[in-house]
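Here the structure is laid out as structure tokens; the discussion comes afterwards.
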Amino acid sequence: MGKTGRDWTQIYAIYGMDDWQTPVFLLLHAILFSFLSLLFLLYFTPICSFLSLLLPTSATRFAAGFTGSVTALSAVCLFFAAGNFFYSAVSLHWEMSQRIVSAVNDWSTVKHALDVGCGRGILLNAVAMQLKKEGSSGRVVGLDRRKKTTVSTLRTAGVEGVQEYVTCREGDARRLPFTDNYFDVVVSAVFLHTVGKEFGVKSAAAAAERMRVLGEVVRVLKAGGVGVVWDLVHVPEYVQRLKELKMEDVRVSERVTAFMVSSHIVSFRKPSSQHFVGHGEVRLDWRFNNLC
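In my numbering, the protein residues as written are 863 to 1154.
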């Protein structure tokens, strides 16, 4: 499993964060609300006097106390959200990457692996470290839609000492630039939920785009290959689609709160033998477009 007991400072020093603006935004608002709640506490009487100009005297203390309490509670919630976001992006991401790696029983036989939406490479390098530990001749490809990200990912692989096991490629997960039945293992971490978000997260179009990516993952997997996906919110949709695609050993992990929402790891295996549907020998094509 490699280094599983890392401190968050080590992880952050190597990988940083993909979306650092969000926790900073939450933290700044938490500080603002903390300051406001402190003002209500220190200047409660003057605030009540001011409110008496707008409200009946009997209601001023209640209004000031209620507003101050809500402001303080909001500050606590914002601090918690900022902390959870940072934890999810750094320590939890590392921990879940180790769990994803452990979901594959035998890495010694893996020659080709793929990380869809590799980001800065936490999961990608976890896979590479496992291949290195096994003394494997295998390689892992990291796919990301941004060229700038793939460059920084290669840098992190160098820091981790696994650069010879890693290749990065720019590409669209909805049209994976790989041939059918190529990879022994395909993994992904907190990426699928971002696909199609330009259509609105809850829209049918976004759901169709996510399912398209899942279909591509199945397409590029070899027969008998293993897929492992850690994602947010939409995992029940993935499970349903994988069952429709006749995947085997579909398993879902316990719920883990990440980025303030529910997340799960779902793993599956592509059948080793061909499947047929109906009374004739009609081959079940793995391509998403033929299955819709």
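From the three backbone atoms N, C-alpha and C, an ideal C-beta is built for every residue, glycine too. None of these values were measured; they are calculated from a predicted model.
Mind checking whether the beta-carbon of residue i lies closer than 8 Å to any heavy atom of the ligand NAP?
i, result
"residue 869", "The ligand NAP is not part of the structure shown, which contains no ligands of any sort."
Relative to the alpha-carbon of residue i, which residue among the options has its alpha-carbon at the smallest distance?
i, options, result
"residue 948", "920, 883, 992 and 1053", "883"
"residue 1024", "963, 986 and 932", "986"
"residue 1049", "916, 870 and 1093", "1093"
"residue 1155", "910, 936, 1078 and 902", "Absent from the structure is residue 1155, since the part of the chain shown begins at 863 and ends at 1154."
"residue 960", "1046, 936, 991 and 971", "991"
"residue 834", "941, 968, 924 and 1051", "The structure shown does not extend to residue 834, since the chain is modelled only from 863 through 1154, so no value can be given for it."
"residue 968", "993, 950, 874 and 951", "993"
"residue 965", "1125, 1123 and 1112", "1112"
"residue 1000", "1021, 1027, 1022 and 978", "1027"
"residue 1130", "926, 922, 1080 and 1067", "1080"
"residue 1030", "1010, 1123 and 1003", "1003"
"residue 1109", "1087, 1116 and 1126", "1087"
"residue 973", "1083, 1124 and 953", "1083"
"residue 1119", "942, 899, 871 and 1104", "942"
"residue 894", "912, 908, 868 and 939", "939"
"residue 932", "869, 892 and 1107", "892"
"residue 899", "921, 875, 885 and 928", "928"
"residue 997", "978, 971, 885 and 980", "971"
"residue 1126", "935, 930 and 1114", "1114"
"residue 995", "1022, 978 and 1133", "1022"
"residue 936", "887, 896, 868 and 1044", "896"
"residue 1044", "1132, 921 and 957", "1132"
"residue 1121", "870, 868, 881 and 869", "881"
"residue 1085", "1072, 1033, 1135 and 1107", "1135"
"residue 1033", "980, 907, 902 and 903", "980"
"residue 955", "868, 1065 and 1064", "868"
"residue 1099", "1117, 902 and 1072", "1072"
"residue 1104", "1076, 901, 904 and 910", "1076"
List the DSSP bridge partners of residue i.
i, result
"residue 1092", "1051 and 1127"
"residue 1114", "1128"
"residue 978", "1005"
"residue 1045", "1083"
"residue 1120", "1123"
Beta-carbon separation of residue i and residue j under 9 Å?
i, j, result
"residue 1097", "residue 1047", "no"
"residue 1038", "residue 976", "yes"
"residue 963", "residue 989", "yes"
"residue 1074", "residue 1036", "yes"
"residue 1095", "residue 1128", "no"
"residue 951", "residue 879", "yes"
"residue 953", "residue 873", "yes"
"residue 1070", "residue 1062", "no"
"residue 906", "residue 930", "yes"
Counting along the chain, where does the beta strand (DSSP E) carrying residue i start and finish?
i, result
"residue 1029", "1028-1032"
From what residue to what residue does the alpha helix (DSSP H) around residue i run?
i, result
"residue 879", "Here residue 879 belongs to no alpha helix (DSSP H), and DSSP marks it neither H nor E."
"residue 958", "955-964"
"residue 931", "919-949"
"residue 1097", "1097-1106"
"residue 913", "906-913"
"residue 991", "984-995"
Under a CB-based cut-off of 9 Å, is residue i close to chain D?
i, result
"residue 1079", "In the displayed structure, chain D is absent; only one protein chain is listed."
Closer than 8 Å is the cut-off here; do at least three beta carbon pairs connect the segment 909-919 with the segment 945-960? No, the segment 909-919 is not in contact with the segment 945-960.
Count the CB pairs spanning the segment 1017-1031 and the segment 1056-1076 that are closer than 8 Å, and state whether there are at least three. no
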